[in-house]
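2 protein chains.
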Amino acid sequence: MNKDMLKLGSNRSIIRELFEFSKLKKAELGEDKVYDFSLGNPSVPPAECINESIKDIITNNNDTYSHGYTSAQGDNNVRDAIANDLNKRYNTSYKKENIYMTCGAAASLCITFKALVESSADEILAIAPYFTEYKVFVEGTGATFKVVPADLDTFNINFDELAKVITKNTKAIIVNSPNNPSGVVYTKENLIKLSSFLNEKEKEYNHPIYIICDEPYREIVYEGNVVSHIPSLYDNTIVCYSYSKSLSLPGERIGYILIPDKCFDSKDLYLACLGAGRAYGYVCAPSLFQHVIEKCATYTSDMNEYKKNRDLIYNGLTNIGYTCVQPQGAFYLFMKSLEDDAYKFMERAKQFNIIVVPSDNFGVKGYVRLAYCVSDTTIKNSLPAFKALFDSYKK
Amino acid sequence: MNKDMLKLGSNRSIIRELFEFSKLKKAELGEDKVYDFSLGNPSVPPAECINESIKDIITNNNDTYSHGYTSAQGDNNVRDAIANDLNKRYNTSYKKENIYMTCGAAASLCITFKALVESSADEILAIAPYFTEYKVFVEGTGATFKVVPADLDTFNINFDELAKVITKNTKAIIVNSPNNPSGVVYTKENLIKLSSFLNEKEKEYNHPIYIICDEPYREIVYEGNVVSHIPSLYDNTIVCYSYSKSLSLPGERIGYILIPDKCFDSKDLYLACLGAGRAYGYVCAPSLFQHVIEKCATYTSDMNEYKKNRDLIYNGLTNIGYTCVQPQGAFYLFMKSLEDDAYKFMERAKQFNIIVVPSDNFGVKGYVRLAYCVSDTTIKNSLPAFKALFDSYKK
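Line by line, the protein sequences give chains F and G.
Per numbering that gives the first Met the number 0, the first sequence starts with residue 0, numbered consecutively.
Per numbering that gives the first Met the number 0, the second sequence starts with residue 0, numbered consecutively.
As structure tokens, this is what we get:
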């Protein structure tokens, strides 16, 4: 069999591994005795629109509509609804032809990479810290995955580092803002600078360099931080979106790829995405949830809950003495490890029934990620454990 | 971008293309004036269990259960329910550890191929006539796709041809019974012969050769034809299953991969499938429909409807004078084209508002496939059009 796949299946994503560990631990100690900050599983329930729409759709339509195949690119009305929603949000003029429905952000990214990559020389760049699975998705297509080291001061894009990493083989750069794991929202200035930088590189290398926006956290943003619509700043932008986080539907695998007309070769790129989806066995995005999105595209879960959690955990941990990046969006807190080796810190935290993800797999050393999409009770109850963990380093 | 993917996206599956053509034609002429036999979209509604379970699950559980991430391999209770159902049907002793939940048969197949294939020299075989997308799925992994020519008398496996096609590079052979497009159920004798043949080849080549069963039509079978459980006949068997057809849920993308313990290297193979699913961006199978399957795994749609359709169309067409393979299972009829070139026959049929799929893409020349998972009214109304089409060849 394929040894790379065996390795990928055996060395599970550290996040998934901690998720499994936590399930066992909770079964042993009880749900409320384990402070699991490992997984980005939204804690805020979906808007009422979701379950109401499900009932409405299966009650008032025939089953072929509700559960039958849609076109590979997705149902027309669904894609219309999404285009309309985007146009209202961003003052754009997208049409259904710009949208390809997918089984969530992971599928969107894998399909986009597969559509773009021609050979193993092709490079796709991520900016550290970055979501661990990008490497898996890019290498799954046979391409080369390269990392732009982090700017540990601002957690925005470090252009000196980017200039060192980019080459004529660079096909695309992934931009993930609000960022998983740092919780930082890239500033508009930073993104405009990226746009200029890439425009120059496109001229120098004489081929397009795509920005691939992975933006499942687009709607989760605090205190007037603004998530720029990158296609409005840079023509060759492909957006990979998922409703997992904004509508609290991570298990349902529903999202889309947006390929604006301004994108170089946009029509062919759309077709290549359709081809890649076909080669990967994505026949169509789940039909019931396509129809749900048609009805709920304009909704989000109650984002105030995440804001409350953010304040609770950020203030709680900094008061104890931890150093944390203040989250501007998403539901992740990036916290400095209390020792150089974040894995060792993770292991120590486990002894206090605290589950956090070491930053090494995000392309940065010496931090841990806390997914604070948990109940406020979990956060409150975890603080004494965090204090004890902190104190254990004083001894 | 990737030229192969562009080609795959541009030259859509002929079935999907006809599906799109039919939608346009129906919009022009009216639903009842187009006799569309292109797509295997189940016409029989799901068992009541499906929509009842959906309502039950979303009403009586928290949303994290209903819509949240499951483990990558699927929810434990769901996999238990499926193992139990299989054990009752086939007198086996599968456990949840043998089952990996997927987004339908296409995903099951793509993931299995990706898990097995190590290099472009690796060969995966299909027996003609075969489901068109196998070629796309196999070549998507970089492997070589090879076809065992059809036995046009029995539409079972032609061992003389298989002996010519198999080589030391053969990793696996796909077995699809009841067969799409022929509607034939492979006999137990034929499958036992395949088992012996492959056992000898495994010894000769000194490596396992897997049978990959693609069996979404397992439950759709007529008049006492029996679909053998191939893992009981041949150890190195991997089953790729989907509930698309048996439960009439093709748009929901829900199925599984079964890797029995007897399978060579079964534990590693399971992990390699998990790895392949990860590399293709399949985070987990859709969660709500996983839970639905837990409740409905023992059910099927009303198969009598397909039987009635089968009789109606087979008798109707043979009475007109067409030569058809009598379907023993699935909901496809394989009919001889009235001219050598099945594409030309398809085009002529379109003039009579009849939509059928030429057999060339199924690896056989001179036939068309009719998916009779349509209303009986469509079949009845289509017969005069089929008669006119038949008569047009007499002129």
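In this text, a Cβ means the ideal position worked out from N, Cα and C, and glycines have one as well.
Residue i versus residue j: straight-line alpha-carbon distance, rounded
{"i": "C109(F)", "j": "A278(F)", "result": "11 Å"}
{"i": "I219(F)", "j": "V367(F)", "result": "21 Å"}
{"i": "V355(F)", "j": "E222(F)", "result": "26 Å"}
{"i": "K134(G)", "j": "A271(F)", "result": "17 Å"}
{"i": "I156(F)", "j": "L273(F)", "result": "31 Å"}
{"i": "N76(F)", "j": "A384(G)", "result": "32 Å"}
{"i": "S176(F)", "j": "Y216(F)", "result": "7 Å"}
{"i": "A106(F)", "j": "S336(F)", "result": "32 Å"}
{"i": "S12(F)", "j": "E132(F)", "result": "8 Å"}
{"i": "K187(F)", "j": "F288(F)", "result": "33 Å"}
{"i": "Y93(G)", "j": "D84(G)", "result": "9 Å"}
{"i": "L268(G)", "j": "L124(G)", "result": "19 Å"}
{"i": "E293(G)", "j": "D159(G)", "result": "43 Å"}
{"i": "G141(F)", "j": "T166(F)", "result": "18 Å"}
{"i": "I211(F)", "j": "I172(F)", "result": "6 Å"}
{"i": "S42(G)", "j": "S243(G)", "result": "11 Å"}
{"i": "N308(G)", "j": "P230(G)", "result": "31 Å"}
{"i": "V137(G)", "j": "Y129(G)", "result": "13 Å"}
{"i": "K6(G)", "j": "M4(F)", "result": "27 Å"}
{"i": "P357(F)", "j": "S37(F)", "result": "10 Å"}
Where residue i sits in the DSSP three-state scheme
{"i": "E214(F)", "result": "coil"}
{"i": "G39(F)", "result": "coil"}
{"i": "C262(F)", "result": "coil"}
{"i": "Y240(G)", "result": "strand"}
{"i": "G315(G)", "result": "helix"}
{"i": "R88(G)", "result": "helix"}
{"i": "R252(F)", "result": "coil"}
{"i": "P383(F)", "result": "helix"}
{"i": "V225(F)", "result": "coil"}
{"i": "T143(G)", "result": "strand"}
{"i": "K353(F)", "result": "Before going further, note that residue 353(F) is Ile rather than Lys in the sequence given. The answer is strand: DSSP assigns I353(F) an E or B state."}
{"i": "M0(G)", "result": "coil"}
{"i": "L270(F)", "result": "helix"}
{"i": "Y233(G)", "result": "coil"}
{"i": "I173(F)", "result": "strand"}
Proximity to residue i [Cα-Cα], best of the options
{"i": "T111(G)", "options": "I156(G), Y281(G), S37(G) and D390(G)", "result": "Y281(G)"}
{"i": "N60(F)", "options": "E338(F), I237(F) and H290(F)", "result": "H290(F)"}
{"i": "T236(F)", "options": "R252(F), Y313(F), A80(F) and P259(F)", "result": "P259(F)"}
{"i": "S181(G)", "options": "S21(G), G67(G) and F333(G)", "result": "F333(G)"}
{"i": "R15(G)", "options": "G29(F), P45(F), D35(F) and T69(F)", "result": "T69(F)"}
{"i": "D74(G)", "options": "Y93(F), E19(F), T377(F) and C262(F)", "result": "E19(F)"}
{"i": "L115(F)", "options": "A387(F), P357(F), T169(F) and A80(F)", "result": "T169(F)"}
{"i": "A104(F)", "options": "S336(F), K386(F), S245(F) and Q325(F)", "result": "S245(F)"}
{"i": "L311(G)", "options": "P326(G), T58(G), I81(G) and T299(G)", "result": "P326(G)"}
{"i": "A162(F)", "options": "E51(F), S374(F) and I126(F)", "result": "I126(F)"}
{"i": "G139(F)", "options": "G276(G), N178(G), K32(G) and S65(G)", "result": "G276(G)"}
{"i": "R347(F)", "options": "F330(F), S391(F), N318(F) and G362(F)", "result": "S391(F)"}
{"i": "Y298(F)", "options": "K394(F), S247(F) and D79(F)", "result": "S247(F)"}
{"i": "I81(G)", "options": "F263(G), S241(G), G39(G) and Y185(G)", "result": "S241(G)"}
{"i": "T317(G)", "options": "K22(G), Q72(G) and L382(G)", "result": "L382(G)"}
{"i": "S374(F)", "options": "D35(F), C295(F) and V324(F)", "result": "D35(F)"}
{"i": "L197(F)", "options": "L232(F), F344(F) and K394(F)", "result": "L232(F)"}
{"i": "M369(F)", "options": "D339(F), N1(F), S227(F) and Y313(F)", "result": "Per the sequence presented here, residue 369(F) reads as Leu, with Met not at that position. It is Y313(F)."}
{"i": "S227(G)", "options": "K202(G), F263(G) and V184(G)", "result": "V184(G)"}
Any non-hydrogen atom of the ligand FMN closer than 7 Å to residue i Cβ
{"i": "P177(F)", "result": "As presented, the structure is devoid of all ligands, the ligand FMN included, so that no description of it is given."}
message: Assess contact between the segment 129-147 of chain F and the segment 187-198 of chain F, defined as three or more Cβ pairs (one per stretch) separated by less than 8 Å. Is contact present?
response: No, the segment 129-147 of chain F is not in contact with the segment 187-198 of chain F.
query: Listed from N- to C-terminal order along the chain, which residues in the segment 248-282 of chain F have their beta-carbon within a distance smaller than 9 Å of any beta-carbon of chain G?
result: So the list reads L248, P249, G250, E251, R252, I253, D264, D267, L268, Y269, L270, A271, C272, L273, G274, A275, G276, R277, A278, Y279, G280, Y281 and V282, given in the order they occur along the chain.
- request: Could you please tell me which residues of the segment 299-319 of chain G, in chain order, have their CB closer than 9 Å to any CB of chain F?
  value: none
field: the segment 88-107 of chain G / the segment 249-257 of chain G touching (three or more Cβ pairs under 8 Å)
entry: yes
field: contact_flag[the segment 197-211 of chain G, the segment 241-251 of chain G] where n(CB pairs < 8 Å) is 3 or more
entry: With fewer than three CB-CB distances shorter than 8 Å, the segment 197-211 of chain G does not count as touching the segment 241-251 of chain G.
query: Given a limit of 9 Å on CB to CB distance, which residues of the segment 99-111 of chain G reach chain F?
result: T101, C102, G103, A104, A105, A106, S107, L108, C109 and I110
- prompt: Residues in the segment 360-388 of chain G with C-beta within 8 Å of chain F's C-beta atoms, listed in sequence order?
  reply: none
task: Select from the segment 321-335 of chain F all residues with a C-beta closer than 9 Å to any C-beta belonging to chain G, and list them in chain order.
output: none
message: Check whether the segment 297-305 of chain G and the segment 293-304 of chain F touch, using three or more Cβ-Cβ pairs below 8 Å as the test.
response: Result no; under three Cβ-Cβ pairs closer than 8 Å.
field: Cβ-based contacts, 9 Å cut-off: residues of the segment 12-24 of chain G near chain F
entry: S12, R15, F18, E19 and K22
query: When the Cβ atoms of the segment 35-54 of chain F are set against those of the segment 28-39 of chain G, are three or more pairs found closer than 8 Å?
result: no
task: Note down, in chain order, all residues in the segment 231-247 of chain G with a beta-carbon under 9 Å from any beta-carbon belonging to chain F.
output: S243, L246 and S247
- prompt: Using Cβ-Cβ distances below 8 Å, what residues of the segment 27-57 of chain G are close to chain F?
  reply: Listed by position along the chain: L38, N40, P41, S42, P44, P45, I49, N50, I53, K54 and I57.
- prompt: Mind listing which residues of the segment 139-153 of chain F have their C-beta closer than 7 Å to chain G's C-betas, in chain order?
  reply: G139
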